[in-house]
Amino acid sequence: MTQNWVRRHHAYAVWEITLKCNLACSHCGSRAGDARQDELTTAECLDLVQQMAEAGITEVTLIGGEAFLRRDWLEIAAAITAAGMRPTMTTGGFGLSAGTCAKMAEAGIGTVSVSVDGLEAVHDKLRGRPGSHQQCLKSMRLLGEAGITVGCNSQINRLSARNFPELYLLLRDAGMKAWQLQLTVPMGNAADHANILLQPAELMVIYPMLARVAQRAYNEGVAINAGNNIGYYGPFEVLLRNLGNAQGDLIWQGCQAGLSALGIEANGAIKGCPSLPTSAYVGGNIRERKLRDILVNTPELTFNLKEGSDEGTSHMWGFCQGCQFAKLCRAGCNWTSHVFFDRRGNNPYCHHRALALDSRGLRERVTLARKATGLPFDNGCFDLHQEPRDQAWPEGDELHLTAADIHWPEPWPAWEGPDLDGLQLDYQQRIQPALKIP
Ligand code: SF4
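Using the numbering used here, you'd call the opening residue of the sequence shown number -13 and step up by one each time.
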């Protein structure tokens, strides 16, 4: 098992170094705000840095909460650099000064991703703090002036999706070099605001929009990074999985939790992915076991090692269980399916699935059945409804998203290639039947 782990893990770690935060995001999965009572000491953090280097990890992204609110965070970043790994950071960008940016560069932080979730009104509403959008743009400028490469990460939900093309232009002009995109899912605070979550049927609007934005971004030198819960295998899979390059050769290869990814909570709890729920996916704590031992010997960190085998699909159920892509896909992002249904293996946020159902005149919708408990990284549980595509949308759902709701700033370049509706239709009528869809 040890050899297997060492062979497989090129290893990217995302490390929540504190849960303390200066924002109050209504979609925050970790329910950040106050520091955890039992966060690792400086000495424990520095020891963990050494253990990560010994385990073969090459890049460590520092997150929070807000990572820079931890007093010794630059000491930790410098230790990561000294140990031969690459420290990067994800930040809400609220309150970064020019002096701090200069010290970050000194500590070896070469790339920072700023979280921006919409135009000003939507971002400030989602982030729970007026002025936070302006602070993001200021932080992007200061980071760039310090010589740090600036990326952004954004959540796609029913509030932010309407203005995504405009948001792209704003962030491009603010110096963004790469854009990480992710669908908002019902974890933590987001589980308490289910009305802002995209309904699975609304993916039919989201994916053509993302394809148009990604194609323009690629042509303008901005790399679109499709997050793990974007996909899977629809007509825009190659475009979205290859930074906007429709000629690329990457497609979704299944969840990498515990394979090439690692998540660390501020109290030393270890998960295969930083987003996974704490209760079901913590394999151990570095206060009690060595990191390598947890990585190699706990089922919570090794469940993905069975990929490609029949055993690797035994967790799958519902639509995903009978899917043509089951062995490769393994139900997409485990985080997403788990936080919807309290178990992994059936993913409602799948473009291929939405298209397959649509071609049969069907759609899916989720409704909250059980609330989350109120702890960091917790989840509730949803009911899944399959219904006629043309059935009237439930009354009172004011955020329901249609293609007409997407704002396209003029002039937006024409799509290069077959028209988008035609691509979706071709996938449904010609390609999906050939795939023997369930
Ligand atoms: S239906 Fe499930 S298994 Fe099939 S491609 Fe979508 S997420 Fe993957």
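Here a beta-carbon is modelled for each residue, glycine too, at the ideal position from N, C-alpha and C.
Does ligand 1 have even one heavy atom less than 6 Å from the beta-carbon of residue i?
i	result
L209	Sequence check: residue 209 is Ala here, not Leu. No, ligand 1 has no heavy atom inside 6 Å of this Cβ.
G318	yes
C241	no
Y219	yes
R127	no
A312	yes
R446	The question about residue 446 has no answer, for the chain in this structure spans -13 to 424.
C14	no
F326	no
F222	no
F368	no
F305	yes
C336	yes
C309	yes
K138	According to the sequence provided, residue 138 is Cys. The question's Lys does not apply to it. No, Cβ of C138 sits at least 6 Å from all heavy atoms of ligand 1.
Hey, out of the options, whose CA is closest to residue i's CA?
i	options	result
L354	G347, F363, L343, H371	H371
T170	I49, R356, W238, D103	D103
L9	M38, C319, G114, Q23	G114
R330	L55, A266, T47	A266
E152	D391, V136, A69	D391
V325	G240, L55, P172	P172
F327	A107, L348, G304, V191	G304
E206	G298, G366, A164	A164
L287	I250, L156, A312	I250
L112	E131, L129, R144	R144
L248	F222, S300, N290, Y219	N290
R198	C7, G51, L155, E61	L155
Q310	G269, Y218, G408, P397	Y218
G70	G81, E25, A39, Y204	A39
G15	L129, Q141, L128	Q141
A(-3)	C259, G81, D24	C259
D407	W379, G220, V136	G220
L60	I43, L32, G81, T44	L32
N332	Q307, K276, L343, D344	Q307
M302	C241, K6, D344, V282	C241
When burial is assigned at 16 or more other CB atoms within 10 Å of the CB, is residue i buried or exposed?
i	result
P374	exposed
W394	exposed
D110	buried
N228	buried
Q415	exposed
D364	buried
K257	buried
A64	buried
R356	exposed
T27	exposed
P404	exposed
T388	exposed
E350	buried
S146	buried
R346	exposed
L236	exposed
C319	buried
G79	buried
Q36	exposed
L361	exposed
A340	buried
M(-13)	Note on M(-13): pLDDT 40, under 50, position unreliable in the model; no value is reported.
A420	exposed
I423	Any answer about I423 is weak, because its pLDDT of 48 lies below 50 and its placement is not dependable; what the coordinates show is given next. Answer is buried; the Cβ neighbour count reaches 16.
G85	exposed
P186	buried
S323	buried
Below 8 Å on the Cβ atoms is my contact criterion, and I expect residue i with residue j to pass it. Report the Cβ-Cβ distance as a whole number of Å.
i	j	result
I134	G96	6 Å
P73	A93	7 Å
A200	G230	4 Å
N215	Q166	Between Q166 and N215 the Cβ distance is about 12 Å, and since that is not below 8 Å, they are no contact.
A(-1)	V46	5 Å
Y335	L189	7 Å
A252	I417	The pair is not a contact, with the Cβ atoms about 45 Å apart (cut-off 8 Å).
A358	D159	With 8 Å as the limit, A358 and D159 do not qualify as a contact, their Cβ atoms being about 38 Å apart.
S246	W321	In fact, because the Cβ distance is near 15 Å, the residues do not count as touching under 8 Å.
L105	N149	5 Å
F222	Y204	Not quite, the Cβ-Cβ distance comes to about 12 Å (not below 8 Å), so this is no contact.
Can you tell me whether residue i sits near ligand 2, meaning its C-beta is under 6 Å from at least one heavy atom of the ligand?
i	result
N333	Ligand 2 is absent from the structure shown, which contains only ligand 1.
Does residue i come within less than 7 Å of chain C when only Cβ atoms are used?
i	result
L60	Among the chains in the structure shown there is no chain C, since it carries only a single protein chain.
- Task: Within the region 184 to 239, note down every full beta strand (DSSP E) run reaching 3 residues or more, in order along the chain.
- Result: 209 to 212
Next item on the list: Identify every run of the beta strand (DSSP E) within the region 8 to 85, keeping only runs that are complete inside it and at least 3 residues long; order them along the chain.
Entry: 45 to 49, 72 to 77
Inside the region 305 to 345 only - alpha helix (DSSP H) runs reaching at least 4 residues
312 to 315, 320 to 327, 337 to 345
Which runs of the beta strand (DSSP E) spanning at least 3 residues fall entirely within the region 241 to 282, listed in chain order? 247 to 250, 255 to 257
**Study point:** Any beta strand (DSSP E) of 3 or more consecutive residues that is wholly inside the region 364 to 400
**Key:** 367 to 374
Minimum length 3: unbroken beta strand (DSSP E) runs contained in the region 76 to 141: 97 to 101
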